[in-house]
Structure formats: structure tokens, C-alpha cells
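These protein sequence lines map, in sequence, to chains A and B.
The first sequence lines up with residues 18 to 231 when you count with the numbering used here.
The second sequence lines up with residues 18 to 231 when you count with the numbering used here.
The next block holds one structure in the form of C-alpha cells; read it before the comments.
There are 2 protein chains.
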Amino acid sequence: MNDKPEEQSDGLEARGGTDRRVRADAQRSIDALLQAALAVFATSGVDAPVREIAEKAGVGIGTLYRHFPQRADLIAAVFRHEMDACADAAAILAAEYDPGEALARWMQRYVSFVATKHGLAAALHSGDPTFAPLPTYFDQRLRPALHGLLDAAVAAGEVRDNVDADELLSAVANLCRLADDGDTTRARRMVALLVDGLRYGASRSANTPSDATR
Amino acid sequence: MNDKPEEQSDGLEARGGTDRRVRADAQRSIDALLQAALAVFATSGVDAPVREIAEKAGVGIGTLYRHFPQRADLIAAVFRHEMDACADAAAILAAEYDPGEALARWMQRYVSFVATKHGLAAALHSGDPTFAPLPTYFDQRLRPALHGLLDAAVAAGEVRDNVDADELLSAVANLCRLADDGDTTRARRMVALLVDGLRYGASRSANTPSDATR
DNA sequence: TATAATACGGAACAATGTTCCGTTTGTCAA
DNA sequence: TTGACAAACGGAACATTGTTCCGTATTATA
Numbered sequence: 018m019n020d021k022p023e024e025q026s027d028g029l030e031a032r033g034g035t036d037r038r039v040r041a042d043a044q045r046s047i048d049a050l051l052q053a054a055l056a057v058f059a060t061s062g063v064d065a066p067v068r069e070i071a072e073k074a075g076v077g078i079g080t081l082y083r084h085f086p087q088r089a090d091l092i093a094a095v096f097r098h099e100m101d102a103c104a105d106a107a108a109i110l111a112a113e114y115d116p117g118e119a120l121a122r123w124m125q126r127y128v129s130f131v132a133t134k135h136g137l138a139a140a141l142h143s144g145d146p147t148f149a150p151l152p153t154y155f156d157q158r159l160r161p162a163l164h165g166l167l168d169a170a171v172a173a174g175e176v177r178d179n180v181d182a183d184e185l186l187s188a189v190a191n192l193c194r195l196a197d198d199g200d201t202t203r204a205r206r207m208v209a210l211l212v213d214g215l216r217y218g219a220s221r222s223a224n225t226p227s228d229a230t231r
Numbered sequence: 018m019n020d021k022p023e024e025q026s027d028g029l030e031a032r033g034g035t036d037r038r039v040r041a042d043a044q045r046s047i048d049a050l051l052q053a054a055l056a057v058f059a060t061s062g063v064d065a066p067v068r069e070i071a072e073k074a075g076v077g078i079g080t081l082y083r084h085f086p087q088r089a090d091l092i093a094a095v096f097r098h099e100m101d102a103c104a105d106a107a108a109i110l111a112a113e114y115d116p117g118e119a120l121a122r123w124m125q126r127y128v129s130f131v132a133t134k135h136g137l138a139a140a141l142h143s144g145d146p147t148f149a150p151l152p153t154y155f156d157q158r159l160r161p162a163l164h165g166l167l168d169a170a171v172a173a174g175e176v177r178d179n180v181d182a183d184e185l186l187s188a189v190a191n192l193c194r195l196a197d198d199g200d201t202t203r204a205r206r207m208v209a210l211l212v213d214g215l216r217y218g219a220s221r222s223a224n225t226p227s228d229a230t231r
């Protein structure tokens, strides 16, 4: 399940051939920058000045630009990083809960991911070529993540088997438009309802719905 | 029909009370700026530098800022100006063609309006308070425009009477997403189809469909 | 035509993305 | 452990763009 296409580090070093290991301090800077950027984007939006991010990360602007040559590279990296975290959560949840519950919890985790990405989503459609590979990355990470959970839940007889992972991801993303104001309660309620819908037609009968309806 | 809420000039002078008439040179500058902005936005997008617009208008930056104190004011003005033009087209078309044809042509005119406003539409949802009044303006101008054409066509028995102007405007706006690349042919074909649909259930029978299907 | 209000142009300022380069640090072979 | 060098660091400096300010020019009016 956990088939992340590349190794750690997230910076923009040469991906192919004989690239040396990233230096420890560089990795520290990259981590600090990603964390700071995530926080700053959340508070001040994606248009926040890079200086603010560098400062919050306790790093010079030169360092920021060494790892993320353009502003858009940083944004894309944060996006990828968040996708990774969300995708990785699938394996963790799958190990900790039974298939149905893992699926339900991951769907809510996905809501958390989508709901905080309004600004970024807008940036995606800006035509900037830096963001072009992100949809592919989405397919490579999030889609298999849900697919695995879904298959497991179906195999366990906890949910019906005639729904598609892609469809679900799109549906939830659209439901998250109910959370424009940042309040995800309505979106979460609807997603829970959706999941209960999945459970409804399961082979194993006896459905005890969760409390999605208020 | 032509009930434009305010007089000409488009600048941001005091709307209420004892405002003097705009000076001739000022009006010239405003017109030149709106025209230049429209052109520049079309070529370089809404993020084009204001200097470029001022230059194209043959006007100093100071002049631009005198009439449009903020960049967003200029964008909003262009948007309003385009809405006006589109709304005004309704009356012209109504005078020139019979009700059904006028309706059909205006719908295509509306496609032209929407299709060139992708960047602006994104700006609308940016949360900038400058754009807040625009949806209201939309309702005041475009909705009545279509409503009038629709009523006339219904009264003439050329189209069915059970459709709503709002619904149509939304539908067409969504159909225009078929024209992301700037090519509106598909969108126009679909809209033509939509209009033929309107004609289909008309009280006056004998429907000769236009060539929407290729 | 004289006068005052208005508008004009563009230099100057401010904010922000990006580049450049001298200095520092981490890694590794001797 | 130490020396050398590639890599990374910080931040000043540059470039671009939104915005302000003010001296000059134009327009409307008496």
C-alpha cells in the first residue's frame, strides 16, 4: 500500500542518476520550511510573502530559494507533502481499525486535507506549469490509498462493492464546498452519510448507522 | 428594459448628493483606460501590471489611480462595463430580430461575455470587498435582460414558458466551462441546443431546429 | 478672459519575488 | 583527528509592481 514514488527530503534536487545524499542541515532547513509554509499558508493564505515563511522557519531567504527556486515550488511541495501525509494515514488507520471503520476515518481525514486547501486548489488552476504534475501525483498517492481501504472493506463484507474510488474522491471534494467558511461540520456530516450509504448495501447485513443525521 | 442603475462615466466619483459633471478630459481618460484594460486583461490576464494598461491607454499612472484608486477598482469597472454592454445588447437585439431569434442571439452574446471572464471570475471569489457588489449588479442587469427577452419570446409563442431566467444563466455559465481553452465552439453548440430545447415545447408548433448538432 | 477647481503625468515610495556572493558548515578521505 | 572541498547558509542588492504625492496643465465658469 505505502508505495510513495520517491524517497524523503522533498526539495528539488536532481531526481535521477548519481545524486548525493542530502546534507543533514539541508534536510533540517527543508523540513522547517515545509512546516513553516504550511502554518503560514493556513493563517495568511497562499499569497503570504516568502520572507515571512523563511523567518518563521528560522532560515534565510537564500536558503529558501536554494531548496525552492520559485515560490510555486514551495507551494507545490507543501501540497505534495500534505498528500503524502493523507495517503500514509490510510496504512496507519488500516492497521489500527477494522476495514469499515478505517475507511470511514480516512474519509474524514481526506476532508481535513481538502478543506484546508482552498487557496492551493485555486493556485492549481492558475496555469503555472509548476503545478502540472500535481494531479498525476494525486492519482498516484490518494487514489491507491482509498482504493486499498475500499477493497479491504468490501472484502470484509462491510461495504457494498459497486462504487469507484475516483467517484468517491470527487464526491467528497465537492461536498467540501459546504465548508467555504472553514467550518467542516456540515461537510463531515454529509461525508459520514455517504459512508453509511456505502455500508448500507454490504453483503454482511445488520447495519447500525453512525450518527450522521445530526 | 434598459434600466441601467447609474449614469455613464464608470469612474468612482461620489455617487450620491451634489456631484459635479465629470470633466471632458476625465471622461476621455476613463474610456481609454477601460478599453485598454479590457484588451490587456484579454491578452495578459487579470494580473497584468497597471503600468501596461496606463501606457496602452496613453495615460499616466497617476491618472489611472485618480479614477481607479485600487487595482481591483479597475477590474471591477471593466467587469461592470462588460455586463452593461451585454445587458444593453438585449434591447438592441430585441429591436432588430423577432423574439425567438433575439433570445437565441443574446444567449450567444452571453457566452461571449462569460467565456472571456475566466480570470475575472476567479478574482471575484478572492474575498476582496471591492468585488462584493458585483453579484448584485449582475442580478440588476443581466437577469432582467434575459428575463425580458424570455418573456417576449414566450408571449410570442416561440418558446415554452416553464423555464427560469436564473436557471438559464447558470446553465450557460456552466456550459462555458467547455471552453477553458478559449475555444467556444463546443459551448456555443450546447447553448444553441439548449435554446432549441426552449423552442421545442412552444405553444406555436412547427419547430425548425437550428443546426446545433454539428 | 481671469480664476478656481479638477485632472494630468510621472517621480518616488513600499512591498515582494528573485539573484548573487562571501561566509559557514557538514562530509569524507587521508 | 584533521584538512580540503563541495554544499548549504544568510542576507544585501536587484527587479517588478502596486500606490502615493505633488508640481504642472487643462477645463469649466463667471
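The beta-carbon is built from N, C-alpha and C at its ideal position, and this holds for glycine as well.
All of these numbers come straight from a predicted model, not from anything done at the bench.
Beta carbon of residue i nearer than 8 Å to that of residue j
i	j	result
B:V212	B:A121	yes
A:A74	A:L55	no
A:A119	A:L166	yes
A:L163	A:A190	no
A:F58	A:V95	yes
A:A71	A:L81	yes
A:A204	A:L210	no
B:D139	A:A188	Correcting the residue identity first, residue 139 of chain B is Ala in this sequence and not Asp. Contact flag unset, no.
Spatial distance of residue i from residue j (CA atoms)
i	j	result
A:G218	A:R177	5 Å
A:A169	A:G199	32 Å
A:P150	B:D197	19 Å
A:Q157	A:G214	26 Å
B:H135	A:T202	31 Å
A:A106	A:A172	20 Å
B:V67	B:A132	23 Å
B:A112	B:D90	33 Å
A:E175	A:R216	6 Å
A:V63	B:A41	43 Å
A:I47	A:H84	7 Å
B:A232	B:D145	The question about residue 232 of chain B has no answer here: the residues shown for chain B are numbered 18 through 231.
B:R206	B:S129	13 Å
B:G117	B:W123	10 Å
A:P161	A:V180	14 Å
A:I78	A:R45	15 Å
A:P152	A:R97	10 Å
As assigned by DSSP and simplified to three states, the class of residue i
i	result
B:A119	helix
A:F155	helix
B:V131	helix
B:Y217	helix
A:G136	helix
B:P146	helix
A:Y114	coil
A:K21	With a pLDDT of only 40 at A:K21, under the threshold of 50, the placement of this residue in the model should not be trusted, and no figure is reported.
A:N179	coil
A:R205	helix
B:V76	coil
B:R90	In the sequence on display, residue 90 of chain B carries Asp and not Arg. Residue state, collapsed to three classes: helix.
A:L211	helix
B:P66	coil
B:D173	It should be noted that the sequence gives Ala, not Asp, for residue 173 of chain B. Coil at B:A173, not helix or strand.
B:V39	coil
B:D101	helix
A:F85	coil
A:D198	coil
Reference residue i; option with closest CA among the options
i	options	result
B:L185	B:T202, B:R194, B:V171, B:V208	B:V208
B:F148	B:G174, B:Y127, B:Q87	B:Q87
B:Y127	B:A108, B:A104, B:S61	B:A104
B:Q125	B:V171, B:L141, B:L110	B:L110
B:S61	B:D145, B:E175, B:S187, B:L137	B:L137
A:A93	A:L141, A:A102, A:P161	A:L141
B:L159	B:D101, B:Q52, B:V76	B:D101
A:V76	A:V180, A:T153, A:A139, A:Q52	A:Q52
Proximity test, residue i beta-carbon vs the ligand ADP heavy atom, cut-off 7 Å
i	result
B:A121	This structure simply doesn't include the ligand ADP, nor any ligand for that matter.
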